[in-house]
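Residue numbers (the UniProt record's numbering), protein chains in the order written: chain A, 1 to 252; chain B, 1 to 251.
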Amino acid sequence: MGKLKMYTDRMSQPSRAVLIFCRVNGIDFEEIKVDISKGHHLTPDFTEVNPLQKVPAIVHGNLKLSESHAILVYLASAFTGIADHWYPTELSRRAKINSVMDWHHSNLRNGAVNYVIHTTLAPALGRQLNPKAAIEAEKVLLSSLKALEDFWLNGDDGGFLCDNTQPSVADLSMVCELMQLEVLDERDRSRILSPYKKVLQWIENTRTATNPHFEEVHNILYRVKKKLEQQRARTAETGTDPSNRMGGPSKI
Amino acid sequence: MLKVKVYADRMSQPSRAVLIFCKVNGIEFDEIKVEISKRQQLSPEFAAINPFKKLPAIVDGRFKLFESHAILIYLASAFPGIADHWYPADLSRRARIHSVLDWHHLNLRHGAAPFVLHSVLAPVLGLPLNPKAAAEAEKILISSLLKLENIWLKGNGRYLLGNLQPSIADLSLVCEIMQLELLDEKDRERILGPHKKVQEWIESTRNATRPHFDEVHKVLYKVKEIIQAKQSNQGDGVMQSKTKSPLPSKM
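Pasting the structure below:
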């Protein structure tokens, strides 16, 4: 079987999850960059790999596979020597991990992605910010964080989802999802995350368990964060913030 | 071991998928009805089973589980004698089934469920119809059906991923589409009509899981009658108000 090929864009949070998983577990792979901002996911070459034109996708021998959860589960099962805690063999523990990953789709992912796009990233993608959609997304995000805090992380201090003492593919997938909040304005990020102490601890636990790979793969996000912070600072200095042009009384 | 308990409302499409799976595979279970229209899913008793108050959920011994895909995988793995095609042991085949199940969440389900709710079902649940939300959901539904037709059902097999026999993914996704039965016939034809492979695949899945498929879907046809009765009442109402309007009549 040929070497595993991973088609990824590190700006995509499920791409980061599968890359970190491979590195932490010593899986030998070739990283093939698909730059979404340049439309590389729409090329005929990549459409051949994944007709749905989404990253991440993998090619392993004859298997072409998309959807990050399916990829994580496959990698944890197909490669030898991967510690059982990533995707436990025991059926009821495995079922709980499948359950939280299913929950992720319509809740945490749906809330986090849309909130970040509609408050922050839209202009970088050539779209307009959409405050109304951001409000809707924030509701989903906050209720998902509450569910994480009160239910999924409500074990006897296991440190990870479903009362586990070591991380699973679900921890990696969902912590990577939350890491995209790094690009928000710092005050906004703190407003959203700081009430959820267990969630914050869990992000740290997952980061620690997968470092140095976790930080290395997230570097790109920190660079974008810095760029956005500089933009915000410039906007504040020059007063080009659109809210200042609305004709409201200035405080100065 | 005690019989597995399945908490379900047959009006919920993932509930129907789990019930059909159990019946087709001879899994002994107790069906515990949780009626969403009576808000029984919000009761403290059910919250103890699933704190998210969603259906379906199962209890197997002391083990509680929710999310229909996770339930189908668990049942296919935990009960003896279930044919391999439902959830293949081969890792590549299994991985591709996971892939289509994951895709389902933010595509087909994300389109079909809100479309049906906002275009026909809302009044039955005491909610107003929402044409704008229905239009948004319709876009997702149509693009999902196109992807089913051109990507997931590509190949010679009758089932998803070119398979010759049904998997849990076929059952889950076909049950999702079956809720379109509630639509006005013209609307349903407009949406499903162009997708011939999708239609054949629904029939194949229905045939492979008969008579249980039809039996579990009966409730859907009953609700369709209720909706049609309501609509024709409204239709009468509209005619009456038209005759009362000051606009010049053609007669």
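We put the CB at the ideal spot given by N, CA and C, even for glycine. The structure presented is a predicted model; accordingly, all values stated were derived computationally and were not measured.
What residue does the beta strand (DSSP E) around Tyr7 (chain B) start on, and which one ends it? Start at 1 with the first residue of the second sequence, and residue 7 (chain B) comes out as number 7. Val4 to Ala8 is the extent of the beta strand (DSSP E) around Tyr7 (chain B).
Of the choices A:Cys162, A:Gly126, A:Met11 and A:Asp9, whose alpha-carbon is the least far from that of Ala95 (chain A)? In the first sequence, counting from the first residue as 1, residue 95 (chain A) sits at position 95. Among A:Cys162, A:Gly126, A:Met11 and A:Asp9, the Cα nearest to that of Ala95 (chain A) is on A:Cys162.
Taking only the alpha-carbon atoms, compute the straight-line gap between Trp152 (chain B) and Leu161 (chain B) and give it to the nearest angstrom. Walking along the second sequence from the start, residue 152 (chain B) turns up at place 152. Walking along the second sequence from the start, residue 161 (chain B) turns up at place 161. Answer to the nearest angstrom: the Cα atoms are 5 Å apart.
For Asn50 (chain B), does the count of other Cβ atoms within 10 angstroms reach 16, so buried, or fall short, so exposed? The residue labelled residue 50 (chain B) in the question sits at position 50 within the second sequence. By the neighbour-count rule (16 or more Cβ atoms within 10 Å), Asn50 (chain B) is buried.
Taking Cβ positions, are Lys54 (chain A) and His41 (chain A) nearer each other than 8 Å? Here residue 54 (chain A) corresponds to residue number 54 of the first sequence, with the count starting at 1. Here residue 41 (chain A) corresponds to residue number 41 of the first sequence, with the count starting at 1. Yes, these two residues count as a Cβ contact at 8 Å.
Quick check on DSSP: helix, strand or coil for Met11 (chain A)? Residue numbering aside, residue 11 (chain A) sits at position 11 when the first sequence is read from its first letter. The answer is coil: DSSP assigns Met11 (chain A) none of H, G, I, E or B.
When the Cα of Val223 (chain B) is compared with those of B:Ala133, B:Val116, B:Val174 and B:Ser167, which residue comes out closest? For the purposes of this step, residue 223 (chain B) is identified with residue 223 of the second sequence, where counting begins at 1. Residue B:Val116 holds the alpha-carbon nearest to the alpha-carbon of Val223 (chain B) among B:Ala133, B:Val116, B:Val174 and B:Ser167.
Taking Ser77 (chain A) as part of the alpha helix (DSSP H), name the residues at either end of that continuous run. Here residue 77 (chain A) refers to the residue found at position 77 of the first sequence. Here the alpha helix (DSSP H) through Ser77 (chain A) covers Ser68 to Ala78.
Between Leu125 (chain A) and Arg232 (chain A), what straight-line distance do the alpha-carbon atoms span, to the nearest angstrom? Position 125 of the first sequence, counted from the first residue, corresponds to residue 125 (chain A). Position 232 of the first sequence, counted from the first residue, corresponds to residue 232 (chain A). Distance between the alpha carbons of Leu125 (chain A) and Arg232 (chain A) is about 17 Å.
Where does the unbroken alpha helix (DSSP H) through residue 256 (chain B) begin, and where does it stop? In the structure displayed, chain B extends from 1 to 251; residue 256 (chain B) sits before or after that span and is not available.
Per DSSP, what kind of secondary structure is His195 (chain B) in: helix, strand or coil? For the purposes of this step, residue 195 (chain B) is taken as the residue at position 195 of the second sequence. In the structure shown, His195 (chain B) sits in coil (DSSP, three-state: anything other than H, G, I, E or B).
Identity of the residue in B:Leu55, B:Glu136, B:Phe63 and B:Leu121 nearest Leu183 (chain B) by Cα: The residue labelled residue 183 (chain B) in the question sits at position 183 within the second sequence. Ranking B:Leu55, B:Glu136, B:Phe63 and B:Leu121 by Cα distance to Leu183 (chain B) puts B:Leu121 first.
Minimum C-alpha distance to Glu30 (chain A) - residue among A:Val18, A:Thr208 and A:Lys38: Counted from its first residue, the first sequence places residue 30 (chain A) at position 30. Checked all of A:Val18, A:Thr208 and A:Lys38; the closest Cα to Glu30 (chain A) is A:Val18.
Segments of 4+ residues assigned as alpha helix (DSSP H) that fall wholly inside the UniProt domain "GST C-terminal" (90-245) of chain B: 91-106, 108-116, 131-147, 168-178, 185-192, 196-208 and 212-244
How would you list, in chain order, the residues of chain A whose beta-carbon sits under 8 Å from the beta-carbon of Leu106 (chain B)? Within the second sequence, residue 106 (chain B) is the residue found at index 106, counting from 1. Near Leu106 (chain B) (Cβ distances below 8 Å), the residues of chain A are His105, Ser106, Arg109 and Asn110.
Output, in chain order, the set of chain B residues within a Cβ distance shorter than 9 Å of Val34 (chain A). Position 34 of the first sequence, counting from 1, holds the residue named residue 34 (chain A). Per Cβ cutoff of 9 Å: no residues; Val34 (chain A) is ~17 Å from chain B at best.
Measuring CA to CA, which of A:Met101, A:Pro51 and A:Lys38 is closest to Leu146 (chain B)? Position 146 of the second sequence holds residue 146 (chain B). Cα-wise, what sits closest to Leu146 (chain B) is A:Pro51.
Quick check: what's the CA-CA separation for Tyr87 (chain A) versus Val169 (chain A)? Counting from 1 along the first sequence, the entry for residue 87 (chain A) is found at position 87. Counting from 1 along the first sequence, the entry for residue 169 (chain A) is found at position 169. Between the alpha carbons of Tyr87 (chain A) and Val169 (chain A) lies a distance of about 6 Å.
Rounded separation between Arg109 (chain A) and Leu75 (chain A) - CA only: Position 109 of the first sequence holds residue 109 (chain A). Position 75 of the first sequence holds residue 75 (chain A). Rounded to whole angstroms, Arg109 (chain A) to Leu75 (chain A) spans 21 Å at the Cα level.
Would you tell me roughly how many angstroms separate the C-alpha atoms of Arg93 (chain A) and Trp152 (chain A), rounded to the nearest one? Walking along the first sequence from the start, residue 93 (chain A) turns up at place 93. Walking along the first sequence from the start, residue 152 (chain A) turns up at place 152. Each residue's alpha carbon lies about 13 Å from the other.
Outcome for Leu42 (chain B) when other beta-carbon atoms lying within 10 angstroms are tallied against a minimum of 16: Indexing the second sequence from 1 puts residue 42 (chain B) at position 42. Answer is exposed; the Cβ neighbour count stays below 16.
Here's a check: name, in chain order, each residue in its chain whose Cβ is nearer than 7 Å to the Cβ of Ile227 (chain B), leaving out the five neighbours to either side. Reading the second sequence from its first residue, position 227 is the one you call residue 227 (chain B). Only Val120, Val124 and Leu182 meet the Cβ criterion.
Backbone secondary structure at Met101 (chain A) - three-state DSSP: Translated into the one-based positions of the first sequence, residue 101 (chain A) becomes position 101. Note: Met101 (chain A) maps to helix in three-state DSSP.
C-beta neighbour in chain A for Trp103 (chain B), strict 8 Å: Along the second sequence, read from residue 1 onward, the residue named residue 103 (chain B) stands at position 103. Residue-level contact check: Trp103 (chain B) touches chain A, since one or more beta carbons of chain A fall below 8 Å from its beta carbon.
Under DSSP, the beta strand (DSSP E) around Leu65 (chain B) begins and ends at which residues? Here the question's residue 65 (chain B) lines up with position 65 in the second sequence. Where Leu65 (chain B) is concerned, the enclosing beta strand (DSSP E) stretches over Phe63 to Phe66.
What does the alpha-carbon distance come out to for the pair His217 (chain B) and Ile192 (chain A)? In the second sequence, residue 217 (chain B) corresponds to position 217, counting from 1. In the first sequence, residue 192 (chain A) corresponds to position 192, counting from 1. Answer to the nearest angstrom: the Cα atoms are 43 Å apart.
Just the C-alpha distance for Asp28 (chain A) and Tyr87 (chain B), rounded to the nearest angstrom, thanks. Taking the first sequence and counting its residues from 1, one reaches residue 28 (chain A) at position 28. Taking the second sequence and counting its residues from 1, one reaches residue 87 (chain B) at position 87. C-alpha separation (whole angstroms): 28 Å.
Give me the Cα-Cα distance between Leu171 (chain B) and Glu225 (chain B), rounded to the nearest whole angstrom. Here residue 171 (chain B) refers to the residue found at position 171 of the second sequence. Here residue 225 (chain B) refers to the residue found at position 225 of the second sequence. Leu171 (chain B) and Glu225 (chain B): Cα-Cα distance of roughly 25 Å.
When you compare only the Cα positions, how much space is there between Ala48 (chain B) and Ala147 (chain A)? Indexing the second sequence from 1 puts residue 48 (chain B) at position 48. Indexing the first sequence from 1 puts residue 147 (chain A) at position 147. Distance between the alpha carbons of Ala48 (chain B) and Ala147 (chain A) is about 15 Å.
Starting from Asp30 (chain B), trace the beta strand (DSSP E) both ways and give me its first and last residue. The count along the second sequence starts at 1 and reaches residue 30 (chain B) at position 30. From DSSP, the beta strand (DSSP E) with Asp30 (chain B) extends over Phe29 to Lys33.
Straight-line Cα distance separating Phe29 (chain B) from Cys22 (chain B): Numbered from 1 along the second sequence, position 22 holds the residue referred to as residue 22 (chain B). Numbered from 1 along the second sequence, position 29 holds the residue referred to as residue 29 (chain B). Cα to Cα, Cys22 (chain B) sits roughly 7 Å from Phe29 (chain B).
Any contact between the segment 123-142 of chain B and the segment 162-169 of chain B? By contact I mean 3 or more CB pairs, one from each, below 8 Å. no
On the CB-based measure, 16 or more other CB atoms within 10 Å of its CB, does Ala76 (chain B) come out buried or exposed? Within the second sequence, residue 76 (chain B) is the residue found at index 76, counting from 1. Buried: at least 16 other Cβ atoms inside 10 Å.
Among A:Leu65, A:Asn114 and A:Asn98, which residue has its Cα nearest to the Cα of Leu91 (chain B)? Residue 91 (chain B) sits at position 91 when you count from the first residue of the second sequence. Closest option to Leu91 (chain B), Cα to Cα, is A:Leu65.
Determine the burial state of Asn62 (chain A): buried for a count of at least 16 other Cβ atoms within 10 Å of its Cβ, exposed for fewer. Residue 62 (chain A) sits at position 62 when you count from the first residue of the first sequence. It is exposed - the Cβ of Asn62 (chain A) has fewer than 16 other Cβ atoms within 10 Å.
Name the chain A residues whose beta carbon is nearer than 7 Å to that of Tyr74 (chain B)? As a position in the second sequence, residue 74 (chain B) is number 74, starting the count at 1. Per Cβ cutoff of 7 Å: Leu91 and Ala95.
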